[in-house]
Amino acid sequence: RGVQPSITNFYRSS
Amino acid sequence: MLELRLVQGSLLKKVLESIKDLVNDANFDCSATGFSLQAMDSSHVALVALLLRSEGFEHYRCDRNISMGMNLGNMAKMLKCAGNDDIITLKADDGSDTVTFMFESPTQDKIADFEMRLMDIDSEHLGIPEAEYHAILIMPSAEFARICKDLSSIGDTVVISVTKEGVKFSTRGDIGTANVVCRQNTTVDKPEEATVIEMPEPVSLTFALRYLNSFTKATPLSNTVTISLSSEIPVVVEYKIAEMGYIRFYLAPKIEE
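Heads up: the protein sequence lines correspond to chains A and B, in order.
When we follow our numbering, the leftmost residue of the first sequence carries the number 1214, and every step to the right adds one.
When we follow our numbering, the leftmost residue of the second sequence carries the number -8, and every step to the right adds one.
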């Protein structure tokens, strides 16, 4: 149920 | 030259057992601050961040910042060969493509060394900004593991809802539904048995149980777990590693279709 977003949608490469 | 001597070698064994199924390959970064790792699972859904501060090692020599790519499954195999009471020392020479794990028994009557080949790993390092969390839940780690395990036999996802009454974990599946409510409880004999809810704002979020269950493999590292929740940003599931640092897992909430 529902869509699982990637963690990279929240944190950017540093 | 790198030489890190960890008297409580079992900590490193537990760290590897907690992440080896989530992450295949990762770079361990060594600097004056400590021994750290940041890695995503292969599907880039979850993130793990580990820090073992240099002060927590009996001897910590790291002449220059170094990043060592390791296959965590292979590293776990080697660390399994260390006894629970063994002292573990990690050694690497400058420019070497291997790392050596040395295991010493507490009485010094047995010394073993295992050499592992390092790998070139092209990994992204993500910046994790400081966040204000709506609700911070501190509870016994074994209790959280039990709830995740129990609910995953009913459903695939869990709704974690925090209100002033407590925290509710809910799931539903083909066979039925399940709800577990934990109330704030600070009147316990031992502080590690308390459930504490720091809740500026109520919050309700849905997470994949498969990942939460994987995070609970870190349970042997700490008696308590800290779960930080805020709407629309990843949950942080943190296990503090006594005197040394932490292991933190990050997972984004699921979005309604």
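Glycine included, every Cβ here is placed at the ideal spot set by N, Cα and C.
Q: Have a look at B/I188, B/C139, B/S213 and B/G157 and flag the residue whose alpha-carbon is nearest the alpha-carbon of B/F198.
A: Sequence index remark: in the second sequence, residue 198 of chain B carries index 207 (1-based). If we check each option's Cα against that of B/F198, B/C139 comes out closest.
Q: State yes or no: is the beta carbon of B/I224 nearer than 8 angstroms to at least one beta carbon in chain A?
A: What you label residue 224 of chain B is simply residue 233 of the second sequence in a count that begins at 1. Yes, contact with chain A.
**Q.** CA nearest to the CA of B/L205, picked from B/L13, B/I218, B/L2 and B/C53
**A.** Against the second sequence, residue 205 of chain B aligns to sequence position 214. For the sequence presented, residue 205 of chain B should be read as Ser rather than Leu. Ranking the options by Cα distance to B/S205, first place goes to B/L13.
**Q.** 3 or more residues per run - each beta strand (DSSP E) lying fully within the segment 168 to 239 of chain B
**A.** Taking 3 residues as the shortest admissible run, the segment 168 to 239 of chain B contains the following complete beta strand (DSSP E) segments, listed from N- to C-terminal end: 187 to 189, 194 to 199, 215 to 220 and 226 to 232.
(Q) Against B/H35, what residues of chain A qualify as contacts under a CB-to-CB distance less than 8 angstroms, listed in chain order? (A) By 1-based counting over the second sequence, the position of residue 35 of chain B is 44. Within chain A, S1219, I1220 and T1221 have C-beta atoms less than 8 angstroms from the C-beta of B/H35, given in sequence order.
Q: Would you mind sorting B/N18 into buried or exposed? The rule is 16 or more other CB atoms within 10 Å of its CB.
A: By one-based count along the second sequence, residue 18 of chain B stands at place 27. Buried, because 16 or more other Cβ atoms sit within 10 Å of the Cβ of B/N18.
Q) Does the Cβ-Cβ distance between B/G0 and B/A83 come in under 8 angstroms? A) Along the second sequence, one-based indexing puts residue 0 of chain B at 9. Along the second sequence, one-based indexing puts residue 83 of chain B at 92. No. Outside cutoff.
Q.
Let me confirm a value: B/E95 is counted as buried when at least 16 other C-beta atoms fall within 10 Å, else exposed. Which label applies?
A. For the purposes of this step, residue 95 of chain B is taken as the residue at position 104 of the second sequence. So B/E95 counts as buried.
Q. Which of the three DSSP states, helix, strand or coil, is assigned to B/L109?
A. Numbered from its first residue, the second sequence carries residue 109 of chain B at position 118. In the structure shown, B/L109 sits in coil (DSSP, three-state: anything other than H, G, I, E or B).
Q.
Does B/N56 come out as helix, strand or coil in the three-state DSSP assignment?
A. In the second sequence, the residue the question calls residue 56 of chain B occupies position 65. Residue state, collapsed to three classes: coil.
**Q.** Listed by chain order, chain A residues near B/T197 by CB distance under 9 angstroms
**A.** In the second sequence, counting from the first residue as 1, residue 197 of chain B sits at position 206. What B/T197 touches in chain A, judged by beta-carbon distance under 9 angstroms, is R1214 and G1215, going in chain order.
Q | Beta bridge counterpart(s) of B/Y241 as assigned by DSSP | A | In the second sequence, the residue the question calls residue 241 of chain B occupies position 250. B/L38 and B/V227, per the DSSP bridge assignment.
Q: Show which residues of chain A have a CB atom less than 9 angstroms away from the CB atom of B/H116.
A: Within the second sequence, residue 116 of chain B is the residue found at index 125, counting from 1. Under the 9 angstroms cutoff, chain A gives S1226 and S1227.
Q) Where do the N-terminal and C-terminal ends of the alpha helix (DSSP H) with B/V6 fall, by residue? A) The residue labelled residue 6 of chain B in the question sits at position 15 within the second sequence. From DSSP, the alpha helix (DSSP H) with B/V6 extends over S1 to I10.
Q) Mind checking B/A209: buried by the 16 CB within 10 Å criterion, or exposed? A) As a first step, residue 209 of chain B is located in the second sequence; it is residue number 218 there, counting from the start. Looking at its Cβ environment, which holds 16 or more other Cβ atoms inside 10 Å, B/A209 is buried.
Q. What residues of chain E sit near B/K245, judged by a beta carbon separation below 9 angstroms?
A. Judged by its chain identifiers, the structure shown contains no chain E, and its protein chains are A and B.
Q) Between B/V252 and B/S161, is the Cβ-Cβ spacing less than 8 angstroms? A) Residue 252 of chain B lies beyond the residue range present for chain B, which begins at -8 and ends at 248; the question has no answer from this structure.
Q | Through-space distance from B/T215 to B/S22, alpha-carbon basis | A | Translated into the one-based positions of the second sequence, residue 22 of chain B becomes position 31. Translated into the one-based positions of the second sequence, residue 215 of chain B becomes position 224. B/S22 and B/T215 have their alpha carbons spaced roughly 28 angstroms apart.
Q | Where the alpha helix (DSSP H) containing B/D76 begins and where it ends | A | On the second sequence, residue 76 of chain B is found 85 positions in, with the first residue counted as 1. No alpha helix (DSSP H) contains B/D76, which DSSP labels as neither H nor E.
Q) Is it true that the segment 109 to 122 of chain B meets the segment 50 to 62 of chain B, where meeting means three or more beta-carbon pairs spaced less than 8 angstroms apart? A) At 8 angstroms Cβ cutoff, the stretches touch.
Q) So, helix, strand or coil for B/L(-7), using DSSP? A) Taking the first residue of the second sequence as 1, we reach residue -7 of chain B at position 2. Per DSSP, reduced to three states, the secondary structure at B/L(-7) is strand.
Q) Looking at the C-beta of B/L255, does it have a partner C-beta in chain A at a distance below 8 angstroms? A) Residue coverage of chain B in this structure runs from -8 to 248, which leaves residue 255 of chain B outside it and unanswerable.
Q. If you draw a straight line from the alpha carbon of B/V(-2) to that of B/M31, how long is it in whole angstroms?
A. Within the second sequence, the letter at position 7 stands for residue -2 of chain B. Within the second sequence, the letter at position 40 stands for residue 31 of chain B. Taking the straight line from one Cα to the other gives about 29 angstroms.
Q.
Looking only at its chain, what residues have a beta carbon closer than 6 angstroms to the beta carbon of B/I218, apart from the 5 residues adjacent to it on each side?
A. Position 227 of the second sequence, counted from the start, is the residue given in the question as residue 218 of chain B. The beta carbon of B/I218 sits closer than 6 angstroms to those of L128 and V228, all from its chain and outside the five residues before and after it, given in chain order.
(Q) I'd like to check one pair, B/H50 with A/S1226: are the Cβ atoms closer than 8 angstroms? (A) Along the first sequence, read from residue 1 onward, the residue named residue 1226 of chain A stands at position 13. Along the second sequence, read from residue 1 onward, the residue named residue 50 of chain B stands at position 59. Taking C-beta atoms as the reference points, A/S1226 and B/H50 fail to come closer than 8 angstroms.
Q: Return the CA-CA distance between B/T242 and B/V36, expressed in angstroms with no decimal places.
A: Your numbering for residue 242 of chain B matches position 251 in the second sequence. Your numbering for residue 36 of chain B matches position 45 in the second sequence. Per the sequence shown, the amino acid found at residue 242 of chain B is Leu instead of Thr. Taking the Cα positions, B/L242 is about 7 angstroms away from B/V36.
Q. How many whole angstroms separate the CB atoms of B/T89 and B/M107, which I take to be in contact at a CB cut-off of 8 angstroms?
A. Here residue 89 of chain B is taken as the residue at index 98 of the second sequence, counted from 1. Here residue 107 of chain B is taken as the residue at index 116 of the second sequence, counted from 1. The beta-carbon separation of B/T89 and B/M107, rounded to 6 angstroms, stays under the 8 angstroms limit for a contact.
Q. Is the distance from the Cβ of B/L196 to the Cβ of B/P131 below 8 angstroms?
A. For the purposes of this step, residue 196 of chain B is identified with residue 205 of the second sequence, where counting begins at 1. For the purposes of this step, residue 131 of chain B is identified with residue 140 of the second sequence, where counting begins at 1. No, the Cβ-Cβ distance between B/L196 and B/P131 is not below 8 angstroms.
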